[in-house]
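S.K.: Please find one structure pasted underneath; my questions will follow.
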Amino acid sequence: MEQQTREDYIELDLMRLLKAVWRHMIVIVLAALLFGAAGFSAAYWLVPAKYQATALMYVNNGSIAMGGTSISLSDLSASQTLVDTYIAILKTRLTLDDVIKEAGVRYTFEQLEKMISAGSVNGTEIFRITVTSTDPEEATRIANTITVVLPDKISQILDGSSARTVDLAVTPRTKSGPSYQKYALAGALAGLLLSAGIVVIRELLDEQIHNEEQLLQSYGLPVLASVPDLLTSKSGKGYGSYYAAAEGKNQS
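Written out as structure tokens, the structure is:
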């Protein structure tokens with residue numbers, strides 16, 4: 007005897023889900039606003055403010071360092087390629103340990119490395135060193151200490167190469183983070199997705215038949231007749247109400 011297998015599947019009615027989301031749009035919007043306000047409050051009260059101090063340094067190759075009378079395009083190109091090498095030297099443990107000692111800060115090598123970012127300025131031979139800290143004066147002190155320590159490290163490792171300070175870091179007056187707008191936007195998006203997801207899940211788990219159209223779409227069964235609900239009359243004077251009143255009068 008051949009066994010017939012039956013495949014169970016769930017048919018998703020997108021229009022039904024969209025209508026459910028639209029019916030609860032006020033709740034979804036309120037949830038988004040609430041989560042957005044929570045994200046803003048968390049950023050304002052819980053996330054510490056951060057400041058960035060930036061110093062600029064110039065790199066050159068051996069021919070420029072030895073005092074050549076002219077600078078060719080190849081010299082500038084070689085200096086630009088040295089920027090990545092200088093940044094790699096900056097991020098080494100020996101360099102950062104000296105920076106920690108000279109700046110008088112209490113950070114580990116890993117902690118200080120995460121606080122420092124560096125990169126070329128518009129593809130030139132000038133590179134930017136940015137230090138991020140919760141203390142603006144500390145960020146400035148670390149950035150300026152790097153401009154003192156790094157040239158010595160570079161001259162010890164790369165023969166004929168040098169680095170010079172273009173601009174020292176100044177104490178920042180404005181905060182670089184956190185971004186309250188980003189926290190609020192992230193909170194609002196989380197509230198929007200969470201509330202909409204709850205509405206969709208509740209709609210998918212709802213197996214009740216609410217109207218004739220849903221019965222026809224779900225099971226393909228036409229409605230032959232409908233029975234009115236006599237017990238819930240809007241006017242309160244339906245058959246059910248009259249029966250209840252009459253029964254109460256007979257008991258009295």
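When the letters of the sequence shown are read in order and numbered with my numbering, they come out as residues 7 to 258. Every residue, glycine too, gets a C-beta built ideally from N, C-alpha and C. The model shown is predicted, which means the values in this text are computed figures rather than measured ones.
1) Counting C-beta neighbours from all protein chains within 10 Å, is the total for TYR50 16 or more, i.e. buried, or is it exposed?
2) So what's ASP165 in DSSP terms, helix, strand or just coil?
3) Here's a check: name, in chain order, each residue in its chain whose Cβ is nearer than 7 angstroms to the Cβ of LEU23, leaving out the five neighbours to either side.
4) ILE70 to ASP90, Cα distance in whole Å?
5) Just reading off the beta strand (DSSP E) that VAL137 is part of, what are its end residues?
6) Which partner residues does ASP212 have in the DSSP bridge list?
7) So, THR138 versus LYS188, is the Cβ gap smaller than 7 angstroms?
8) Work out the CA separation of ALA26 and VAL35 for me, nearest whole Å.
9) Keeping to the same chain, check which residues put their C-beta closer than 8 angstroms to that of VAL155; ignore five residues upstream and five downstream.
10) Pick helix, strand or coil for ASP158, following the three-state DSSP scheme.
11) Taking the C-alpha atoms as reference points, what is the distance between ARG175 and ALA44?
12) What first and last residue would you give for the alpha helix (DSSP H) that runs through ALA38?
13) From which residue to which residue does the beta strand (DSSP E) around ALA124 run?
14) In whole angstroms, what separates the C-alpha of ARG29 from that of PRO54?
15) Cutting at 8 angstroms between CB atoms, please list the residues of its own chain near GLY193, excluding the five before and the five after it.
16) Grouping DSSP H, G and I as helix and E and B as strand, with all else coil, what is THR177?
17) With DSSP run on the structure shown, which of helix, strand or coil describes GLY73?
18) Helix, strand or coil: which one does DSSP assign to VAL111?
19) Classify GLY193 as helix, strand or coil using the three-state DSSP reduction.
M.R.: For this structure:
1) Locating residue 50 in the sequence shown gives position 44, counting from the first residue. By the neighbour-count rule (16 or more Cβ atoms within 10 Å), TYR50 is not buried but exposed.
2) For the purposes of this step, residue 165 is identified with residue 159 of the sequence shown, where counting begins at 1. Correct three-state label for ASP165: coil.
3) In the sequence shown, the residue the question calls residue 23 occupies position 17. Hits under 7 angstroms: VAL206 and GLU209.
4) Mapped onto the sequence shown, residue 70 falls at position 64. Mapped onto the sequence shown, residue 90 falls at position 84. Residue confidence for ILE70 is low, a pLDDT of 46 falling below 50, so the modelled location carries little weight; the figure read from the coordinates is stated next. Rounded to the nearest angstrom, the two C-alpha atoms are 18 angstroms apart.
5) Residue numbering aside, residue 137 sits at position 131 when the sequence shown is read from its first letter. Segment 132-139, the beta strand (DSSP E) holding VAL137.
6) Your numbering for residue 212 matches position 206 in the sequence shown. Answer is none; ASP212 lacks a bridge partner.
7) As a first step, residue 138 must be located in the sequence shown, where it is residue number 132. As a first step, residue 188 must be located in the sequence shown, where it is residue number 182. In this structure, LYS188 does not lie closer than 7 angstroms to THR138 by Cβ.
8) Start at 1 with the first residue of the sequence shown, and residue 35 comes out as number 29. Start at 1 with the first residue of the sequence shown, and residue 26 comes out as number 20. Rounded to whole angstroms, VAL35 to ALA26 spans 14 angstroms at the Cα level.
9) Taking the sequence shown and counting its residues from 1, the one referred to as residue 155 is at position 149. Once the five neighbours on either side are set aside, the close Cβ partners of VAL155 are THR101, ASP104, VAL105 and GLU108.
10) For the purposes of this step, residue 158 is taken as residue 152 along the sequence shown, with counting starting at 1. In the structure shown, ASP158 sits in a helix (DSSP, three-state: H, G or I).
11) Counting from one through the sequence shown, the residue named residue 175 turns up at place 169. Counting from one through the sequence shown, the residue named residue 44 turns up at place 38. According to the sequence provided, residue 175 is Ala. The question's Arg does not apply to it. If you take the alpha carbons of ALA175 and ALA44, they lie about 35 angstroms apart.
12) The residue given as residue 38 occupies position 32 in the sequence shown. Per DSSP, ALA38 belongs to the alpha helix (DSSP H) from 31-51.
13) The sequence position of residue 124 within the sequence shown is 118, counting from 1. Per DSSP, ALA124 belongs to the beta strand (DSSP E) from 122-126.
14) In the sequence shown, the residue the question calls residue 29 occupies position 23. In the sequence shown, the residue the question calls residue 54 occupies position 48. If I take the Cα positions, the gap works out to 40 angstroms.
15) The residue you call residue 193 lines up with position 187 of the sequence shown. These residues qualify, in order along the chain: PHE41, GLY42, ALA43, ALA44, GLY45, PHE46 and ALA48.
16) The residue you call residue 177 lines up with position 171 of the sequence shown. THR177 falls in the coil class under three-state DSSP.
17) For the purposes of this step, residue 73 is taken as the residue at position 67 of the sequence shown. Note that GLY73 scores 47 on pLDDT, short of 50, meaning its location in the model is unreliable; the coordinates nonetheless yield the value given after this. Reduced to three states, the DSSP call for GLY73 is coil.
18) Position 105 of the sequence shown, counting from 1, holds the residue named residue 111. If DSSP states are grouped into helix, strand and coil, VAL111 belongs with coil.
19) The residue labelled residue 193 in the question sits at position 187 within the sequence shown. Residue state, collapsed to three classes: helix.
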